[in-house]
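Q: Quick one: this structure, given as structure tokens, is what I'll be asking you about.
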Amino acid sequence: MNYFISPPDETELKIDSAQLINLIKAEWPNSDIQPLDNPARSYSLSFRIPLKNSSIEGSLERTEQCVVLEGEIQDCAKFALWLRSYVDRQYRLLFYDEAYSADVELGLETTEQDIIKRFISLDEAPYSLDKRTDSGMITITLPMPENVVNSLARIAPVFGFSNYQPLIQHYVDEGLRIDMQRLNNPTLQKLTNSLKHHGVDESLIAKAVEEATH
Numbered sequence: 001m002n003y004f005i006s007p008p009d010e011t012e013l014k015i016d017s018a019q020l021i022n023l024i025k026a027e028w029p030n031s032d033i034q035p036l037d038n039p040a041r042s043y044s045l046s047f048r049i050p051l052k053n054s055s056i057e058g059s060l061e062r063t064e065q066c067v068v069l070e071g072e073i074q075d076c077a078k079f080a081l082w083l084r085s086y087v088d089r090q091y092r093l094l095f096y097d098e099a100y101s102a103d104v105e106l107g108l109e110t111t112e113q114d115i116i117k118r119f120i121s122l123d124e125a126p127y128s129l130d131k132r133t134d135s136g137m138i139t140i141t142l143p144m145p146e147n148v149v150n151s152l153a154r155i156a157p158v159f160g161f162s163n164y165q166p167l168i169q170h171y172v173d174e175g176l177r178i179d180m181q182r183l184n185n186p187t188l189q190k191l192t193n194s195l196k197h198h199g200v201d202e203s204l205i206a207k208a209v210e211e212a213t214h
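Just so it is clear: in the sequence shown, position 25 is 25 by this note's numbering, and no numbers are missing.
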């Protein structure tokens with residue numbers, strides 16, 4: 001998963017690439033840092049830092065306002081707080097994932113555990129693409145046209161279901177699986193996150209995603 005570190009709003013913050021290179025080399029001498037000179041690319045700098053749980057792959061956006069990280073959450077949290085210590089305190093910084101499903105403001109009292117706890121909880125969601133968990137079931141009431149229910153009841157045995165209810169669950173599972181795989185596209189997530197970051201209305205983003213993926 002990719003993680004991002006940036007101000008929550010447009011600011012005058014500039015994370016100087018030359019200074020960042022020197023700071024990384026001083027803290028992690030074994031790091032591999034590559035300046036990117038192509039102005040057509042979105043990033044001005046890429047780096048790889050070997051840490052305890054993983055090797056962080058990172059990039060500095062050419063805007064010099066956002067750092068993108070890929071690695072284990074424990075190591076990304078460590079890097080985020082390290083970077084926070086060098087950025088002027090007048091600038092707020094957020095740590096968030098590519099889907100913007102969670103975020104943590106990097107403040108003076110923020111700890112690695114604060115970040116890890118917030119993002120590890122996302123991995124404990126009750127629904128999995130691969131299998132159901134034992135988190136329990138809930139009953140819902142869903143009005144449906146009578147002819148649809150009759151059709152479901154008629155074809156359920158053809159597909160090996162005892163009645164229409166498990167067939168409905170099957171359709172929900174399959175539809176959800178397809179949509180989650182579609183929305184987990186890294187490029188789409190990054191674009192969606194960028195649009196949110198620039199204040200684009202979420203309803204417009206949702207409409208654009210719907211049009212682009214169907």
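Where a beta carbon is used, it is the ideal one built from N, C-alpha and C, also for glycine. The structure presented is a predicted model; accordingly, all values stated were derived computationally and were not measured.
What's the gap between the Cα of residue 151 and the Cα of residue 166?
A: Each residue's alpha carbon lies about 14 Å from the other.
Q: Kindly list the residues whose CB is nearer than 6 Å to the CB of residue 21, restricted to its own chain and excluding five residues on each side of it in sequence; keep chain order.
A: Within the same chain, residue 21 has close Cβ partners 33.
Q: Give the secondary structure of residue 79 by DSSP, where H, G and I count as helix, E and B as strand, and everything else as coil.
A: Residue 79 falls in the helix class under three-state DSSP.
Q: Do residue 224 and residue 112 have their CB atoms nearer than 8 Å?
A: Residue 224 lies beyond the residue range present for the chain, which begins at 1 and ends at 214; the question has no answer from this structure.
Q: Using CA atoms only, rank isn't needed, just tell me which of 88, 44, 7, 9 is closest to residue 18.
A: Of the candidates 88, 44, 7, 9, the one whose C-alpha sits nearest the C-alpha of residue 18 is 44.
Q: On the premise that residue 69 lies in contact with residue 56, defined as a C-beta separation below 8 Å, what is that separation, rounded to the nearest angstrom?
A: The Cβ separation is near 6 Å, so the contact holds.
Q: Give me the DSSP bridge partner(s) of residue 50.
A: Answer is 55.
Q: Looking only at C-alpha atoms, which of 64, 207, 208, 2 sits nearest to residue 100?
A: Here the closest residue by C-alpha is 2.
Q: Give the straight-line distance between the Cα atoms of residue 207 and residue 191, rounded to the nearest whole angstrom.
A: Answer to the nearest angstrom: the Cα atoms are 14 Å apart.
Q: Residue 146: buried (16+ other C-beta within 10 angstroms of its C-beta) or exposed?
A: Result: exposed.
Q: Could you give the DSSP three-state label for residue 4: helix, strand or coil?
A: Reduced to three states, the DSSP call for residue 4 is strand.
Q: Roughly how many angstroms separate the alpha carbons of residue 78 and residue 40, rounded to a whole number?
A: Approximately 31 Å between the Cα atoms of the pair.
Q: Check residue 96 in the structure and name its three-state DSSP category.
A: Residue 96: strand per DSSP, three-state reduction.
Q: Name the DSSP beta bridge partners of residue 70, please?
A: Beta-bridge pairing links residue 70 to 2, 57.
Q: Bridge partners of residue 43, per DSSP?
A: The partner list for residue 43 (beta bridge, DSSP) reads 61.
Q: Give the straight-line distance between the Cα atoms of residue 87 and residue 105, rounded to the nearest whole angstrom.
A: Near 13 Å, if we compare the C-alpha coordinates of residue 105 and residue 87.
Q: Tell me the rounded alpha-carbon separation between residue 198 and residue 7.
A: Distance between the alpha carbons of residue 198 and residue 7 is about 11 Å.
Q: Taking residue 5 as the reference, give the member of 94, 14, 12 with the closest Cα.
A: Nearest option by C-alpha distance: 94.
Q: From the DSSP secondary-structure annotation, give me the bridge partner or partners of residue 32.
A: Answer is 48, bridged to residue 32.
Q: Name the one or two DSSP bridge partners that residue 103 has.
A: Answer is 96, bridged to residue 103.
Q: Give a yes or no on whether the C-beta atoms belonging to residue 119 and residue 49 are separated by under 8 Å.
A: No; because the gap between Cβ atoms is not below 8 Å, this pair is not in contact.
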